[in-house]
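So the structure is just underneath, and the comments pick up after that.
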Amino acid sequence: MTLLVLGGLFALSVGLVAVRGGVSGVREGLTVAVRLLRQVALLIVLGMALAALAGHVLPADLITRWMGNESGIVGVLIGTALGALVPGGPYVILPLAGSVLASGAGIGSVAAFITAWSLIPVSRTLMFELPFMGGAFTTSRLLVSTPFPVIVGLLTPPVYTLLT
47 MTLLVLGGLF ALSVGLVAVR GGVSGVREGL TVAVRLLRQV ALLIVLGMAL AALAGHVLPA
107 DLITRWMGNE SGIVGVLIGT ALGALVPGGP YVILPLAGSV LASGAGIGSV AAFITAWSLI
167 PVSRTLMFEL PFMGGAFTTS RLLVSTPFPV IVGLLTPPVY TLLT
């Protein structure tokens, strides 16, 4: 289904660009797309390989014990801490989250992990946000954002149960 939707959007985009910019506009757009693919293809492959290996490095019983559905708030807090601390882009984090989920982590822990990675990433905050935005802004944003991974981790399991 996703492939069908993306294919339709691609065809629509090509049509719109062809109308506005002609064949040269389509050619330029496809050239940019190929350049982007060359830049990210290796990242995607390595991220997926890392995720697959992580499932074998970390014992499933350890993941289940500390981050499984029965781990409660402890699992959510661990997911939050790991999400904040683990560096990497979506090509690493999302396959890793999927691998940990498949290895026995609970829905809440994984939801907290992804949310913390999105909202309170330590590495991006120190390397980019703090130098560019300053201490007052960064501290204010972190104070407001920090509770959300825990809230998401606690609220996602019942919503997931309703939807499945």
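Read in order, the letters of the sequence shown correspond to residues 47 to 210 in the working numbering.
Where is the CB? At the ideal position from N, CA and C, for every residue including glycine.
Please read all numbers here as calculations on a predicted model, not as lab measurements.
- Scanning 204, 166, 61, 193 for the CA closest to the CA of residue 184 turns up 166.
- Our two residues, residue 180 and residue 191, have alpha carbons roughly 16 Å apart in a direct line.
- Annotation for residue 121: the continuous alpha helix (DSSP H) segment containing it runs 118 to 131.
- Rounded to whole angstroms, the separation of the alpha carbons of residue 156 and residue 74 is 39 Å.
- The closest CA to that of residue 121, considering only 189, 199, 100, is found on 199.
- Excluding its 5 nearest sequence neighbours in each direction, residue 168 has C-beta neighbours in its own chain below 7 Å: 130, 131, listed in chain order.
- When the five nearest sequence neighbours on each side are left out, the beta carbons in the same chain lying within less than 7 Å of the beta carbon of residue 60 are those of 72, in order along the chain.
- Here the C-alpha atom of residue 154 lies approximately 17 Å from the C-alpha atom of residue 106.
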